[in-house]
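Residue numbers (the UniProt record's numbering): 1 to 535. Step one of this worksheet: look at the structure below.
Here's what the structure looks like:
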């Protein structure tokens, strides 16, 4: 049988593409191939026992659902918000009431209640605001569609976030704050992330601070009642579960050169599937493991080779009561990990980086956190018991000894997940940002989706939704030209504005009087804000 469309990958991007195609081309023959045995991709919602062993009812053990993969959405993420509405799924706000806890620039633990972090000195706050302003200014001038063609690309192409940070600030606490933020957002250290990629990524979210905050329109604003994997489960049901085949990792993609009409997909078990068009929603780091005949274009392959996946372990600690709320804490933690743990060798610091209140909509108290970047790699080499003990010790340091009275600890090491290889996103390394637009461009009869190809909220669930919708529109136009309007094709490969532009304009970065004036304004604003907050 020759299908009209094959979709590779049953994550949010792939299933969104299939769902959109069902709406656009209801009579088209469609099949989704998934490498693993489940839907969801980088979303994973698991049932967890939430009652202490000695209090469990032997007939009906109490359980609740927690997200071990992507979990947050924001009101400004229009693609995922629209999809949630279509699927009759609702959200609830991330809990942020109370004191936030911070451990940066040493082992000292500080608390703060406003948007102004407690970094130990006024000079540190001034340096942080200066960095944020510079980063926001540069991000606003970085092309989302083609970052390598931005007016400042020539100057910044070889920079990492780390090198740029060190040129802007000297305070250790500020440097660690940005590094910890990068670990949570990208799963890796600031020293590995291309500055241009970071700026484009931030611009796609509406600004740098949108990536790191839990406020309205920011990345950690809200959660989905019942978990985000529901998105994929419901999409699969609406597509028709009979149109999905699991445990079918693709090893080869053959595009015929004789008739120029079909694509043959070969899976690991030797099965062959033929289609007129194929949408690949495979993560870039996994895409390069597939044999393509003819080979992928050089730009596309180079982009995939230089988008390694973040190394992130996500953990959930379930409690009988939200003791941190009772003590006036929000559950938000930012930590450099503290010093080395004497009872665990081979690690430079504790496992904590960023944590949030993970209490479910039904009221089960919990803390969620990340072990990422170098910390993630170091602690990956330890046993689950050692990681669990390290996490609990860190929570005790930050929130108090009550943290030892937990019910359950669960974790997900995403770098161990077959056919994903990491989380939360593939991050760009320096020197190759000019290749990034080619990630989303079709190649003959192949189309590409996945959150890394998104131009709005890249790296997030909403980005996955946008990319799936775009790929579906491209395929619809390819199979039935003229059925879609120019407006519907905006943002696809049929929109000239969204294609890579030739030539890069160099940019001279000179500090002007306006920059110096802004520094003065920052100093005044920070001083006033600190005085008001303390008053």
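Note that beta-carbon positions come from the ideal geometry of N, C-alpha and C, so glycine has one too.
Quick one: what's got a C-beta closer than 6 Å to residue i's C-beta in the same chain, skipping five residues either side?
| i | result |
| --- | --- |
| residue 309 | 285, 421, 422, 426 |
| residue 67 | 45, 227, 228 |
| residue 4 | 28, 29, 276 |
| residue 471 | 17, 279, 447, 449 |
| residue 395 | 403 |
| residue 34 | 10, 246 |
| residue 256 | 262 |
Taking all protein chains shown into account, do 16 or more other C-beta atoms lie within 10 angstroms of the C-beta of residue i, making it buried, or fewer, making it exposed?
| i | result |
| --- | --- |
| residue 357 | buried |
| residue 1 | exposed |
| residue 58 | Caution is warranted here: a pLDDT of 49 is assigned to residue 58, below 50, making its placement in the model unreliable, and no coordinate value can be reported. |
| residue 537 | Nothing about residue 537 can be reported from this structure: the residues present for the chain run from 1 to 535 only. |
| residue 235 | buried |
| residue 142 | buried |
| residue 376 | buried |
| residue 92 | exposed |
| residue 269 | exposed |
| residue 64 | buried |
| residue 184 | buried |
| residue 416 | exposed |
| residue 15 | buried |
| residue 318 | buried |
| residue 498 | buried |
| residue 527 | The pLDDT assigned to residue 527 is 46, lower than 50, so where the model puts this residue is not dependable; a value taken from the coordinates is nonetheless given after this. When all chains shown are included, residue 527 counts as exposed. |
Are the CB atoms of residue j and residue i within a distance shorter than 7 Å?
| i | j | result |
| --- | --- | --- |
| residue 69 | residue 42 | yes |
| residue 279 | residue 17 | yes |
| residue 334 | residue 180 | yes |
| residue 174 | residue 127 | yes |
| residue 225 | residue 361 | yes |
| residue 208 | residue 305 | no |
| residue 94 | residue 214 | yes |
| residue 194 | residue 429 | yes |
| residue 204 | residue 144 | yes |
| residue 263 | residue 290 | no |
| residue 253 | residue 292 | yes |
Considering only residues of the same chain and omitting the five flanking positions on each side of residue i, which have a CB-CB separation below 7 Å?
| i | result |
| --- | --- |
| residue 229 | 40, 43, 44, 45 |
| residue 201 | 458, 459 |
| residue 431 | 157, 158 |
| residue 495 | 489 |
| residue 176 | 104, 105, 336 |
| residue 451 | 13, 425, 458, 459, 460, 463, 464, 467 |
| residue 19 | 235, 238, 239 |
From residue i to residue j, what distance separates their C-alpha atoms?
| i | j | result |
| --- | --- | --- |
| residue 32 | residue 244 | 5 Å |
| residue 242 | residue 248 | 14 Å |
| residue 134 | residue 164 | 10 Å |
| residue 316 | residue 363 | 15 Å |
| residue 439 | residue 272 | 25 Å |
| residue 146 | residue 455 | 10 Å |
| residue 50 | residue 231 | 24 Å |
| residue 355 | residue 331 | 7 Å |
| residue 398 | residue 468 | 40 Å |
| residue 199 | residue 463 | 16 Å |
| residue 191 | residue 382 | 24 Å |
| residue 329 | residue 212 | 19 Å |
| residue 409 | residue 345 | 22 Å |
| residue 168 | residue 182 | 17 Å |
| residue 419 | residue 36 | 7 Å |
| residue 366 | residue 154 | 46 Å |
| residue 338 | residue 115 | 23 Å |
| residue 283 | residue 107 | 38 Å |
| residue 7 | residue 246 | 12 Å |
| residue 89 | residue 79 | 14 Å |
Which partner residues does residue i have in the DSSP bridge list?
| i | result |
| --- | --- |
| residue 334 | 102, 354 |
| residue 64 | 48 |
| residue 293 | 254 |
| residue 93 | 222 |
| residue 366 | 318 |
| residue 412 | 314 |
| residue 309 | 426 |
| residue 194 | 160 |
| residue 279 | 7, 447 |
Cβ-heavy atom distance between residue i and the ligand SAH below 6 Å?
| i | result |
| --- | --- |
| residue 290 | Ligands displayed in this structure: none; no statement on the ligand SAH is therefore possible. |
CB-CB under 8 Å to residue i, same chain, minus the five flanking residues each way: which ones, in chain order?
| i | result |
| --- | --- |
| residue 99 | 111, 112, 113, 328, 329, 330 |
Determine, for residue i, whether the minimum Cβ-Cβ distance to residues of chain C falls below 7 Å.
| i | result |
| --- | --- |
| residue 473 | Note that chain C does not occur in the displayed structure, where there is just one protein chain. |
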